[in-house]
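Every letter in the sequence shown is one number past the one before it in the numbering used here, and letter 306, counting from 1, is 469. Glycine included, C-beta positions come from ideal geometry on N, C-alpha and C. Okay, structure first, notes after.
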Amino acid sequence: MVTNTPQLSRALRHTTTAPVRIVHLGLGAFHRSHQAWYTQHSRDGAEWGIAAFTGRRPDAADALAEQDGLYTLIERSGQEDSFEMIGSIVEAVDGADVGRLCELVSAKETAVITLTITEAAYGLASDGRFDAGSPAVADDLARLRDAGAGGTEAPTTPLGRLVLALGARRDAGAGPLAVVSCDNLPGNGEVARHAVLGMAEAWDAGVAAWIGQNVSFVSTSVDRITPRTTPADLAKVEESCGYRDNSPVVAEPFRNWVLSGDFPAGRPRWEDAGAVVVDDIEPYENRKLWLLNGAHSLLAYAGQLRGHTTVSEALNDRLCQEAMELFWDEAAAHLSGEDLHVPEYREALRERFGNSRIAHHLSQIAADGTTKLRMRALPVLAAERAQGRSGAGSALMLAAWIDYLAREHEPQDPQASALHVANRLDGQERVAALLSLVSPQLSDNPQVVSLVAGLCGAFAAEATLTSHRPQKISGRNS
Ligand code: CS2
């Protein structure tokens with residue numbers, strides 16, 4: 164390893180900063196490999212600086228602030244790495260600094276707020292609606308009330324912080340702006356609207372009314388596989404770039420961004436970098452959520468059951484591969500529209516998943532199963548059953564999750580305590596209780612419960628899918 168190398172900074176690289184016009188909540192690797200990359204690659208990117216706030220911990224902001232927001236993007240193909248310095252984040256802030264958030268959101272120049280706060284942070288109940296009564300929301304409402312009354316408490320959830328900051332924008336008379344959800348949820352703009360309005364209504368009707376009239380909620384489908392950075396990546400940057408970067412990001416070369424909605428105060432020309440603006444986002448969202456994220460969740464649980472650590476390892480396992488194709492066949496039957504190019508999309512995914520130079524850990528994808536499976540397995544299962552088919556390919560994903568929970572007693576999940584209780588039951592009772600946390604739509608249907616229960620064990624070491632072969636699927640379109 165090279166020593167005495169200078170640390171990356173704006174002075175070192177002679178870069179200037181753009182004025183803050185975008186505020187981001189959820190400073191993490193994905194934001195840096197995706198929205199920050201698109202902003203840098205827009206022709207007017209030099210006019211659009213991002214102030215990015217972390218979620219629970221300050222670490223990512225501290226590391227980035229030390230480098231004036233600069234970092235290296237390592238683009239990792241199946242053959243080689245290439246390095247690019249990204250400078251569109253001009254301010255990296257600890258999410259707990261709610262004062263700074265309010266200040267920036269109330270500035271007239273701020274036109275866009277982007278979110279990567281995770282699916283679980285939208286406060287959805289198992290019926291998919293915003294749960295105003297959940298303990299996290301109730302606790303943050305108490306803090307919002309205190310903050311609104313000039314107290315010392317500040318909200319701690321991204322939603323609470325966002326609502327407080329939007330209230331500050333209303334008070335400042337800074338005008339309309341767009342909130343852009345970049346989390347993997349169907350109709351994420353609408354989900355964000357319900358969550359923000361639900362929280363605001365419970366706090367201050369005036370703020371809620373202002374949000375209703377002035378905030379545009381934009382839906383997006385976002386895509387770029389971004390594994391965790393490792394110490395070896397830091398050493399690689401030092402060796403190849405000649406500076407020390409404590410915060411590089413690794414991503415695959417592929418990226419995609421589809422957006423739908425209004426930007427009342429403007430936005431960068433992200434389309435220069437390949438973003439696509441459409442009127443109807445649903446087909447694109449479903450394609451990405453089902454084919455990419457659905458397969459990811461399936462591989463995360465099935466792959467770990469079979470002793471694998473990364474996506475590319477799981478993809479080398481015939482059983483996992485077969486299960487993925489079965490699920491894709493089911494999903495593809497409900498993806499229509501020629502420009503979706505489903506067979507090509509599947510082929511591209513096989514290649515992306517198979518990139519063994521990207522160590523995308525299955526354990527990372529396995530987190531927050533109750534929320535993710537509601538978006539990834541349930542819609543395909545429901546669509547299959549509505550057409551009179553079993554939906555066994557989607558049910559396999561649920562069965563793999565249930566088997567995975569039998570050995571993972573402390574899973575990261577927004578419903579961790581309920582999961583813990585359900586997990587202690589036995590047999591079909593356990594299956595039904597766990598499914599109810601994904602959605603009552605699953606647990607209320609005895610046929611679905613026994614279908615999933617019957618598929619449990621499908622990924623045991625000696626199993627073959629033929630012994631559990633799902634009912635023949637008709638109507639494949641690829
Ligand atoms: C993954 C996603 O962790 C997960 O749930 O499925 O983060 C996935 O890698 C991205 O959506 C890719 O764009």
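- Short note on R387: C-beta closer than 6 angstroms to some heavy atom of ligand 1.
- Proximity to T168 across P542, N449, G590 and Y406 peaks at Y406, based on C-alpha coordinates.
- Here Q575 is exposed. Its C-beta has fewer than 16 other C-beta atoms within 10 Å.
- Three or more beta-carbon pairs separated by less than 8 angstroms link the region 468 to 475 to the region 516 to 529, which places the two stretches in contact.
- Fewer than three beta-carbon pairs drawn from the region 343 to 357 and the region 305 to 321 are found closer than 8 angstroms, and the two stretches are therefore not classed as touching.
- For secondary structure counted as the alpha helix (DSSP H) over 4 or more consecutive residues, the region 235 to 310 holds these complete runs in sequence order: 261 to 268.
- A straight-line Cα-Cα distance of about 15 angstroms links Q203 and T277.
- R184: member of the beta strand (DSSP E) spanning V183 to L188, first to last residue.
- CA-CA distance, D260 to L462, rounds to 38 angstroms.
- Contact annotation: the region 530 to 550 touches the region 442 to 458, with at least three C-beta pairs closer than 8 angstroms.
- Under the Cβ criterion (8 angstroms, minimum of three pairs), the region 283 to 290 does not count as touching the region 327 to 343.
- Within the same chain, Y201 and S205 come within 6 angstroms of W433 by CB-CB distance, once the 5 residues on both sides are set aside.
- Ranked by Cα distance from S269, the first of W373, S460, T389 and G336 is G336.
- Annotation for I249 indicates a beta carbon at 6 angstroms or more from all heavy atoms of ligand 1.
- Cβ neighbours of L512 within its own chain (closer than 8 angstroms, five residues either side excluded): L454, L455 and A458.
- In summary, P577 is buried, with 16 or more beta-carbon neighbours lying within 10 Å of its beta-carbon over all protein chains present.
- Burial of T392 is indicated by the presence of at least 16 other C-beta atoms within 10 angstroms of its C-beta.
- Ranked by Cα distance from A365, the options E547, Q230 and A301 are led by A301.
- For W420, the beta-bridge partners assigned by DSSP are V385.
- Excluding sequence positions up to five before and after D396, its CB lies within less than 8 angstroms of the CB of I237, P411 and V413, all in the same chain and listed in chain order.
- In the three-state reduction of the DSSP assignment, T178 falls in the coil class.
- The Cβ atoms of V342 and F380 lie closer than 7 angstroms to each other.
- Taking all protein chains in view, the Cβ of Q376 is surrounded by fewer than 16 other Cβ atoms within 10 Å, so the residue is classified as exposed.
- Not one heavy atom of ligand 1 sits closer than 6 angstroms to the Cβ of H204.
- When Cβ pairs closer than 8 angstroms are counted between the two stretches, the region 243 to 260 is seen to touch the region 173 to 188, the count reaching three or more.
- Take the alpha-carbon of I374 and the one of P431: they are about 22 angstroms apart.
- For the 7 angstroms CB-CB criterion, A558 and L598 do not form a contact.
- I388 is positioned such that its CB atom lies no closer than 7 angstroms to that of H572.
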